Amino acid sequence: WESPNMAHLSLLLNPDRTKLSKRQGDVAVEDYMAKGYLPEALVNFVALLGWSPGSDEEFFSLEALVEQFSLERISKSGSVFDLEKLNWMNRHYLRQLSEDAAVKYLTPFLTAAGADVSDADKTRKIILAVRERINRGDEAYAAAAIFYSDTLEISEEEALAFLKEPSAKTVLAAFLSKAEALPALDMDSFKAVMKEVQQETGIKGQELWKPVRVALTGMISGPELPAVIGIFGKEKVCSFVKQVLNKYV
60 WESPNMAHLS LLLNPDRTKL SKRQGDVAVE DYMAKGYLPE ALVNFVALLG WSPGSDEEFF
120 SLEALVEQFS LERISKSGSV FDLEKLNWMN RHYLRQLSED AAVKYLTPFL TAAGADVSDA
180 DKTRKIILAV RERINRGDEA YAAAAIFYSD TLEISEEEAL AFLKEPSAKT VLAAFLSKAE
240 ALPALDMDSF KAVMKEVQQE TGIKGQELWK PVRVALTGMI SGPELPAVIG IFGKEKVCSF
300 VKQVLNKYV
């Protein structure tokens with residue numbers, strides 16, 4: 060029997076340059092899979108630990124890695140396991156999923172967090188509204204929490220400060236009046252209402268849009284407003300705006 064030739068990749072290090080250890084965090088592939096890191100992202104990320112493609116390219120399919128990998132480009136020095144880079148890479152792969160694949164992949168994470176996913180159409184809309192705002196699967200519920208709550212709590216300091224601007228109350232009051240007068244509120248009618256509010260108040264730009272965003276999401280930035288409106292519907296939209304007018308403005 061002739062022993063095969065073997066090579067050892069460089070040691071994996073924590074950001075503080077200490078040796079990566081299970082006593083300091085997750086090291087098993089299963090741990091990362093459970094958190095919602097895609098297999099493609101993990102393979103791509105791990106392949107770049109201790110190996111260089113000889114270019115600035117960051118993203119590789121498995122087939123490309125098989126074709127390009129060579130022992131000559133392996134570094135002898137330790138490689139830092141950069142979780143931020145893994146998150147960035149996984150976010151890229153999440154965005155590359157087709158809509159159907161994203162829904163199939165992220166729905167179990169919502170279920171595990173206690174979300175009601177019985178309405179398949181609503182669940183699909185929620186996932187497509189938030190998937191570009193998350194790094195990994197287990198962040199899906201936190202990003203989608205507003206869609207599962209009947210009350211709005213605002214803690215973001217910048218959002219609270221924006222609601223204290225005089226124009227915020229003017230915009231929200233005008234918006235609520237026009238929204239309540241409609242038989243229903245969808246993406247198209249929402250855009251029409253916002254145009255009417257702009258014409259009536261003379262307020263435009265961020266001073267027009269941000270109060271409504273904060274009133275519906277509790278944040279300065281978040282999912283696209285038309286998508287939020289399409290999921291909420293008129294009743295919840297009006298309820299959230301009333302809550303904000305009564306409590307925060």
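Our numbering numbers the first residue of the sequence shown as 60 and each following residue consecutively.
C-beta: ideal position from N, C-alpha, C; glycine also.
Every value quoted in this text rests on a predicted model; they were computed, and no experiment measured them.
Cβ separation of residue i and residue j, assumed to be a contact under 8 Å, to the nearest whole Å
| i | j | result |
| --- | --- | --- |
| residue 278 | residue 218 | 6 Å |
| residue 273 | residue 206 | Wrong, their Cβ atoms sit about 16 Å apart, outside the cutoff. |
| residue 230 | residue 262 | 6 Å |
| residue 176 | residue 170 | 5 Å |
| residue 299 | residue 275 | 5 Å |
8 Å Cβ shell around residue i - same chain, five flanking residues per side excluded
| i | result |
| --- | --- |
| residue 173 | 200 |
| residue 283 | 188 |
| residue 192 | 202, 281, 282 |
| residue 130 | 66 |
| residue 112 | 119, 127, 132 |
| residue 223 | 308 |
| residue 309 | Since the displayed the chain opens at 60 and closes at 308, residue 309 lies outside it and no answer follows. |
| residue 303 | 211, 213, 222, 231, 273, 274 |
| residue 32 | There is no way to answer for residue 32, as the model of the chain reaches only from 60 to 308. |
| residue 39 | Because the chain here runs from 60 to 308, residue 39 falls outside it and cannot be looked at. |
| residue 86 | 79, 80 |
Identified DSSP bridge partners for residue i
| i | result |
| --- | --- |
| residue 72 | 78, 139 |
| residue 110 | 133 |
Close beta carbons around residue i, own chain, < 6 Å, minus the five adjacent residues each side
| i | result |
| --- | --- |
| residue 104 | 145, 148 |
| residue 260 | 229, 233 |
| residue 156 | none |
| residue 226 | 262, 266 |
| residue 257 | 263, 267 |
| residue 269 | 221 |
| residue 88 | none |
| residue 215 | 278 |
| residue 142 | none |
7 Å Cβ shell around residue i - same chain, five flanking residues per side excluded
| i | result |
| --- | --- |
| residue 72 | 78, 79, 137, 138, 139, 140 |
| residue 197 | 94, 95, 168 |
| residue 255 | 237 |
| residue 244 | 238, 288, 292, 293, 296 |
| residue 158 | 187 |
| residue 70 | 78, 137 |
| residue 181 | 290 |
| residue 301 | 235 |
| residue 194 | 146, 149, 150 |
**Request:** Check whether the stretch 102–113 touches the stretch 159–176, taking contact to mean three or more Cβ pairs, one atom from each stretch, closer than 8 Å.
**Result:** Not touching, per the Cβ criterion.
**Asked** Within the chosen definition, does the stretch 249–261 reach the stretch 275–291 through at least 3 CB pairs nearer than 8 Å?
**Response** Yes, they touch.
**Message:** With three or more beta-carbon pairs closer than 8 Å as the criterion, would you say the stretch 89–105 touches the stretch 135–152?
**Reply:** Counting C-beta pairs closer than 8 Å gives three or more between the stretch 89–105 and the stretch 135–152, which meets the contact rule.
**Request:** Kindly provide the ranges of any alpha helix (DSSP H) runs that are 4 or more residues long and lie completely inside the stretch 136–182, ordered along the chain.
**Result:** The qualifying runs are 142–155, 158–171.
**Request:** Evaluate contact between the stretch 84–93 and the stretch 116–131, counting only Cβ atoms and requiring at least three cross-stretch pairs below 8 Å.
**Result:** The stretch 84–93 makes no contact with the stretch 116–131, as fewer than three CB pairs between them are under 8 Å.
**Asked** For the 8 Å Cβ check, are there 3 or more pairs between the stretch 234–243 and the stretch 206–215?
**Response** The answer is no - the stretch 206–215 does not touch the stretch 234–243, with fewer than three Cβ pairs under 8 Å.
**Prompt:** Enumerated in chain order, which unbroken segments of the beta strand (DSSP E) with a length of 3 residues or greater are wholly contained in the stretch 179–227?
**Reply:** With a minimum length of 3 residues, no continuous beta strand (DSSP E) run stays inside the stretch 179–227.
**Message:** Suppose only complete runs of 4+ residues qualify. What are the alpha helix (DSSP H) ranges in the stretch 223–258, listed by chain order?
**Reply:** DSSP runs (the alpha helix (DSSP H)) wholly in the stretch 223–258: 225–239.
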